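Inspection log for the structure reproduced underneath, given as structure tokens.
In UniProt numbering, the protein residues as written are 1 to 166.
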């Protein structure tokens, strides 16, 4: 025979009712907390003056819900404030990064413009030096040609006079 017992026990074990309620969400969240705390509070208090309060849990439930909802509201407001603060901080960081990028681009453009102006100034100075050197060379060459033509013309005159006198 098989070692599995089929009699005396159900094949699928049943879950407890509390586990089913937990899975269903009844005993979780704010209402579950309120329900658990309100039942224990109403069981311990038992006022003898008013029998209607012993059977109804509405006053205890109302105060618990009020305090719980007030705490939840404060927590929500705190969360919203933190989110707004975080968003404002992120926005400020983004704006600062964009401003830094614009400033860096402006600085780079100014540096490039300054470098270009310096290069232009150096090029103009080089052109002036080259022009001055060229002018000096031309004046020296002109002086040489004047001297050369004067000395060259003098011997030719001498040769001309020498040839005509014999």
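Beta carbons are placed, not taken as given, at the ideal position from N, Cα and C, and that holds for glycine.
Bear in mind that the values here come from a model prediction, so they are computed numbers and not experimental data.
Whole-angstrom distance between residue j and residue i, CA atom to CA atom
{"i": "residue 92", "j": "residue 118", "result": "38 Å"}
{"i": "residue 123", "j": "residue 116", "result": "10 Å"}
{"i": "residue 99", "j": "residue 88", "result": "16 Å"}
{"i": "residue 78", "j": "residue 65", "result": "19 Å"}
{"i": "residue 75", "j": "residue 81", "result": "10 Å"}
{"i": "residue 86", "j": "residue 72", "result": "21 Å"}
{"i": "residue 104", "j": "residue 96", "result": "12 Å"}
{"i": "residue 167", "j": "residue 90", "result": "Within the shown structure, residues of the chain are numbered from 1 to 166, placing residue 167 beyond reach of any answer."}
{"i": "residue 94", "j": "residue 109", "result": "22 Å"}
{"i": "residue 128", "j": "residue 111", "result": "25 Å"}
{"i": "residue 135", "j": "residue 120", "result": "22 Å"}
{"i": "residue 140", "j": "residue 113", "result": "40 Å"}
{"i": "residue 126", "j": "residue 133", "result": "10 Å"}
{"i": "residue 131", "j": "residue 142", "result": "16 Å"}
{"i": "residue 138", "j": "residue 144", "result": "10 Å"}
Own chain residues within Cβ distance below 7 Å of residue i, not counting five before or after
{"i": "residue 101", "result": "none"}
Beta carbon proximity, residue i to chain B, threshold 8 Å
{"i": "residue 92", "result": "In summary, chain B is missing from the structure at hand, where a single protein chain is found."}
Contacting residues, own chain, Cβ-Cβ under 6 Å from residue i (five flanking each side not counted)
{"i": "residue 84", "result": "none"}
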